[in-house]
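Heads up: the structure comes next, in structure tokens.
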Amino acid sequence: MELSLNTRPFIDWSQFSQNVKPEPDPVIIVRHVDMEDAYGIFRRLSHEVARCRYDVPLDHKVIVAYKTVQSDKREKEKEAIGIVTFWISQMSISRNVGTFQFMDSYFHHISFMFVNKKYQRQGIGTKLLDAAMATIRESGLNRPIHLEAAKSAVQFFRKKGFVSLGRAEKGSSHRGSSLFSHYFNMQHKFS
1 MELSLNTRPF IDWSQFSQNV KPEPDPVIIV RHVDMEDAYG IFRRLSHEVA
51 RCRYDVPLDH KVIVAYKTVQ SDKREKEKEA IGIVTFWISQ MSISRNVGTF
101 QFMDSYFHHI SFMFVNKKYQ RQGIGTKLLD AAMATIRESG LNRPIHLEAA
151 KSAVQFFRKK GFVSLGRAEK GSSHRGSSLF SHYFNMQHKF S
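Numbering (the UniProt record's numbering), first residue to last: 1 to 191.
Written out as structure tokens, the structure reads:
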């Protein structure tokens, strides 16, 4: 019996793949949450990312990104992996207010956005920001959105259409975390 070096036995690979079940892909769900649920999620994610526990600012809206995976038991497991808090300006607030305080209340404001480190650079921040901006746009008030971006997030926000309103500021109203040791005031105008 002669064997040729070019002859290989036929292997039916399908017999191996029949018994292997692929891991389900995680589904990312972005949704508004009530404040009762938001506080615990926000404090946990802020601590994971910034190493400080922050609270949701008063009268702010909250959107959470969840990772949902279907398990073998047909149950869905949810894990909060990102959060954004934001404030929508009110129609009753006029730009003609004679004090400097109008700056905080006239403009829409993104106050915080945190994404679990395991899920950063996977589009979660984009989904959160897009959802917040869509909610702000639905308010019907065509006013700019302001935010204070950590130095590490400036490029992300620039890609989303935000522009810097000056040089980096040292220190912050969010003291306690090195993440906010320098921040940039940024703005986005709806077109």
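For every residue, glycine included, the Cβ atom is placed at its ideal position computed from N, Cα and C.
(request) In the DSSP assignment, find the beta strand (DSSP E) that holds Ala131 and state where it starts and stops. (result) Careful: Ala131 lies outside any beta strand (DSSP E), inside the alpha helix (DSSP H) at Ile124 to Glu138.
(request) Verify whether the separation of the beta carbon atoms of Arg53 and His60 is less than 8 Å. (result) Against a cut-off of 8 Å, the Cβ pair of His60 and Arg53 comes out as no contact.
(request) Could you work out which residue in Ser105, Ile136, Ile110 and Lys67 is closest to Val56 when comparing CA atoms only? (result) Proximity to Val56 across Ser105, Ile136, Ile110 and Lys67 peaks at Ile110, based on C-alpha coordinates.
(message) Short of 6 Å in beta carbon distance, which residues of its chain neighbour Ser139, apart from the five on each side in sequence? Order them along the chain.
(response) Around Ser139: Ile88.
(request) Could you name the residues that DSSP lists as bridge partners for Ala80? (result) Bridge partners of Ala80: Tyr66.
(message) Quick check on Pro155: does DSSP put it in helix, strand or coil?
(response) The question names Pro, but residue 155 is Gln in the sequence shown. In the three-state DSSP reduction, Gln155 falls in the helix class (H, G or I).
(message) Short of 6 Å in beta carbon distance, which residues of its chain neighbour Lys189, apart from the five on each side in sequence? Order them along the chain.
(response) Scanning its chain for C-beta atoms nearer than 6 Å, with the 5 sequence neighbours on each side dropped, one finds around Lys189 the residues Pro144, in chain order.
(request) Could you name the residues of the same chain whose beta carbon sits closer than 7 Å to that of Val163, not counting the 5 residues immediately before and after it, in chain order? (result) These residues qualify, in order along the chain: Met186 and Gln187.
(request) May I ask you to list the residues that DSSP assigns as paired with Ala150? (result) Its beta-bridge partners are Tyr183.
(request) Output yes or no for whether 8 Å exceeds the beta carbon distance between Gly82 and Leu128. (result) Against a cut-off of 8 Å, the Cβ pair of Leu128 and Gly82 comes out as a contact.
(request) Starting from His47, trace the alpha helix (DSSP H) both ways and give me its first and last residue. (result) Note, His47: alpha helix (DSSP H), Met35 to Ala50.
(request) Using only alpha-carbon positions, find the residue among Phe112, Arg44 and Tyr106 that is nearest to Ala80. (result) Nearest C-alpha to Ala80 among Phe112, Arg44 and Tyr106: Arg44.
(request) Name the one or two DSSP bridge partners that Phe162 has. (result) Per DSSP, none; premise fails for Phe162.
(request) Please say whether Ala132 and Ile63 have beta carbons closer to each other than 8 Å? (result) Cβ atoms of Ile63 and Ala132: closer than 8 Å.
(request) Work out the CA separation of Leu165 and Asp37 for me, nearest whole Å. (result) Their Cα atoms are separated by approximately 34 Å.
(message) Rounded to the nearest angstrom, what separates Leu147 and Asp130 at their Cα positions?
(response) Between Leu147 and Asp130, the C-alpha separation is close to 14 Å.
(request) Would you mind sorting Ala150 into buried or exposed? The rule is 16 or more other CB atoms within 10 Å of its CB. (result) Ala150 is buried by the Cβ-count criterion.
(request) Would you decide whether Met35 is buried or exposed? Buried here means 16 or more other CB atoms lie within 10 Å of its CB. (result) Flag for Met35 reads exposed.
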